[in-house]
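Novice:
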Amino acid sequence: MKPIPLSHPRYLSLKTREKLSNAMKRGIVHETGLIAHGRGEAFDYLFGETTIPEADDAAKVAAAALLCARNPVISINGNVAALAAKECVQLASHIPAKLEVNLFHRTQERVNKIAAMLCKNGAKAVYGINPTARIPGLNHDRALCEKEGIFTADVVLVPLEDGDRCQALRTMGKTVIAIDLNPLSRTAQVANITIVDNVIRAVPRVYHWVQELKGAKQSELEKLLHTWNNGKNLGLVLAFLSKRLNSLS
Ligand code: PTJ
72 MKPIPLSHPR
82 YLSLKTREKL
92 SNAMKRGIVH
102 ETGLIAHGRG
112 EAFDYLFGET
122 TIPEADDAAK
132 VAAAALLCAR
142 NPVISINGNV
152 AALAAKECVQ
162 LASHIPAKLE
172 VNLFHRTQER
182 VNKIAAMLCK
192 NGAKAVYGIN
202 PTARIPGLNH
212 DRALCEKEGI
222 FTADVVLVPL
232 EDGDRCQALR
242 TMGKTVIAID
252 LNPLSRTAQV
262 ANITIVDNVI
272 RAVPRVYHWV
282 QELKGAKQSE
292 LEKLLHTWNN
302 GKNLGLVLAF
312 LSKRLNSLS
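Heads up: the sequence shown runs through residues 72 to 320, numbered per my numbering.
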């Protein structure tokens, strides 16, 4: 691949693509992860490649949910590892939360590589390598999980999720926090808290709010959770999008 000049107006976007492409060659990202990224990229472009206030509100409530949790888990797939491994490890260590590798296109080799990448970025323990349980109602490999991890988690952060597992986790009674640039996806619609933002920006924003809220009273955190209306926030996200597109037309 030819080096991307810093002066290129799309430098960051092109560097991100390069990162994913390299991660695919190294066996971290599944080839369809590149397609998934393209869909996310299109939405990001429409949002102006920035964290909109509605996304930051969701990031704040997500931080509150993670801080209130008894057994919070951050689920990691290939794209998330390629784009935000260090940031996820940092977030997990500050909550503290567990990290679990969970893949749609699961191979043991890829699980091992992603786990090794998380360890290289400072993770002390990574779950999901030897699954001991299944999420009920799912007939694909995303059902595979660890008893001490996702299976018994009360709050699960799922960046770039598929709708089926999101629904199955909700059916198990868990609080699901999704990071998804597509506000219309089933995942975005089904999750308890949806952060409509790029995982690259969203994970550091959740980390920021974890630091801000760490000293807050439990009652304050619970109030944030109980007053959160995910459907209303998604409506505001769509209103933002439509206003932005109108202003550009
Ligand atoms: O590593 P694996 O095997 O678990 O596979 C991971 C992918 C992403 C390939 C798999 O989960 C998949 O196919 O996902 P979907 O169903 O295509 O959903 C991906 C969602 O994430 C879409 O709604 C995209 O808009 C969104 N998305 C893509 N890139 C980003 C994103 N959301 C936030 N940040 C991104 N960078």
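Positions of the beta carbon are idealized from the N, C-alpha and C atoms, including for glycine.
Restricting to Cα atoms, I'd like to know which of Ser290, Arg257, Gln289, Trp280 is closest to leucine 305.
Specialist: It is Arg257 whose Cα lies nearest to the Cα of leucine 305.
Novice: Suppose only complete runs of 4+ residues qualify. What are the alpha helix (DSSP H) ranges in the segment 231-267, listed by chain order?
Specialist: Counting only runs of 4 or more, we get 234-242, 257-261.
Novice: Would you say the beta carbon of threonine 122 comes nearer than 7 Å to a heavy atom of the ligand PTJ?
Specialist: Threonine 122 Cβ: outside cutoff for every heavy atom of the ligand PTJ.
Novice: Mind checking which residues open and close the alpha helix (DSSP H) that includes proline 80?
Specialist: It is not in any alpha helix (DSSP H) - proline 80 carries neither H nor E in the DSSP assignment.
Novice: Quick check on proline 74: buried or exposed, where buried means 16 or more other Cβ atoms within 10 Å of its Cβ?
Specialist: Proline 74 is exposed by the Cβ-count criterion.
Novice: Would a C-beta distance cut-off of 8 Å place aspartate 225 and alanine 130 closer than the cut-off?
Specialist: Against a cut-off of 8 Å, the Cβ pair of alanine 130 and aspartate 225 comes out as no contact.
Novice: Between the beta-carbon of alanine 126 and the beta-carbon of alanine 249, is there less than 8 Å?
Specialist: No, they are not a contact pair.
Novice: Determine, using beta-carbon pairs with one atom in the segment 236-243 and one in the segment 266-285, whether at least three such pairs fall under 8 Å.
Specialist: The segment 236-243, when compared against the segment 266-285, does not touch it at the 8 Å Cβ threshold.
Novice: Helix, strand or coil for valine 172 per DSSP?
Specialist: Valine 172 falls in the strand class under three-state DSSP.
Novice: Please identify the residue among Pro124, His79, Gly149 whose C-alpha is closest to the C-alpha of leucine 91.
Specialist: When each option's Cα is compared against that of leucine 91, the closest is Gly149.
Novice: Pull up the distance between the alpha-carbon of lysine 294 and that of alanine 287, whole angstroms please.
Specialist: If I take the Cα positions, the gap works out to 11 Å.
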